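K.L.:
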Amino acid sequence: MAIPVIDFSKLNGDERAKTLTEIANACEEWGFFQLVNNGIAEELLERVKKVSSEFYKVEREENFKNSKVVNLLNESGDEKLENVDWEDVITLTDDNVSEWSYQTSGFQETMKEFRDELKILAEKIMEVMDENLGLPKGYMEKAFNGEGGENNAFFGSKLCHYPPCPNPEKVTGLRAHTDAGGVILLFQDDEVGGLQVLKDGEWIDVQPLKNTIVINTGDQIEVLSNGRYKSAWHRVLSTIDGNRLSIASFYNPSLKATIAPAPQLVKETNEEMDKTYPKFVFGDYMSVYVQQKFLPKEPRFQAVRAV
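Straight run, no breaks: the sequence shown in full-length UniProt numbering ends on number 307.
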């Protein structure tokens, strides 16, 4: 069993209807799928891999060797580490662009170009979701931007490396969780595996494929779709060999955006609307999420303050 691999270019041809159905099924059955022919130039993707690897080796590797998780593993004896992750992470946003690396040649320019392309792809994917769910074109993007449509949707990227781990059975690369936000676009290592998604109670490897973009839906897509597109549990295993590269980009609602199931997708029974998902402000949800990221997601929906 493998997660769906979908040729995104076929949306623009005779196989559009078939491709829409493939994406709808992937969203409903998996919450994860891989996009080939995704519109991002392979030359750019190769450049991203090059500068990201150089960045870690030159600017991060030595610090990781002295990091908290390495020290904890060295001191752990026979105990398994439960509340840490074997990863090195930096976050890139439009607001902190001036703080991006200047030591690694081409890093800032390449990552900005890559993120611009990912934003375009994320918006196209949301339009496909709108169409498949029977929502007006632009519905999700408008919901993410909040009242007045002021284009306040948040786009952030996490550049992650999972270095070789001497005891992979004792620490997870990244613990199991669902993502808090909207559409997640992952550019993962095409040689070193480790990413797994939970499907029908079984952990399934997300197979490394060269120059693809892995898409998964976050908690806010689950709410907007009233549960039709559920966010999927996933994790990253640590490995004894290889240095896994993973760049996860998040197209999320504005912190001020109000999120609720689309009215078109809510059934009315005895004049009362289905209230599986409350109506809430995304910033309030994030306050709950940061405390409960690795816990069951259903209580998060109920714990957030209803609007």
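For glycine and all other residues, C-beta sits at the position ideal for the given N, C-alpha and C. All values derive from a computational prediction rather than experimental measurement.
#1: Examine the Cβ distances between the segment 254-267 and the segment 275-292 and report whether three or more of them are shorter than 8 Å.
#2: From Ile240 to Asp189, what distance separates their C-alpha atoms?
#3: Which full runs of the beta strand (DSSP E) of 3+ residues lie inside the segment 167-224, going along the chain?
#4: Start and end of the alpha helix (DSSP H) containing Val51?
#5: Given a threshold of 16 other Cβ atoms within 10 Å of its Cβ, counted over all protein chains shown, does Met140 qualify as buried or as exposed?
#6: Touching or not, the segment 62-77 and the segment 85-102, by the rule of three or more beta carbon pairs under 8 Å?
#7: So the candidates are Leu20, Phe155, Ser246 and Trp203; which of them puts its Cα closest to the Cα of Ile125?
#8: Assign Val290 to buried or exposed, taking buried as 16 or more other Cβ atoms, counted over all protein chains shown, within 10 Å of its Cβ.
#9: Among Ala180, Asn132, His161 and Ile204, which has the Cα closest to the Cα of Met1?
#10: Residue range of the alpha helix (DSSP H) that Val70 falls in?
#11: Are there three or more Cβ pairs, one per stretch, closer than 8 Å when the segment 100-120 is compared with the segment 189-202?
#12: In angstroms, rounded to a whole number, what distance separates the CA positions of Val5 and Arg175?
#13: Measuring CB to CB, does Ser231 end up less than 9 Å from Asn252?
P.N.:
To lay it out plainly:
#1: yes
#2: 15 Å
#3: 174-177, 183-188, 195-199, 202-205 and 213-217
#4: Glu42 to Glu59
#5: buried
#6: yes
#7: Leu20
#8: exposed
#9: Ile204
#10: Lys68 to Glu75
#11: no
#12: 25 Å
#13: no
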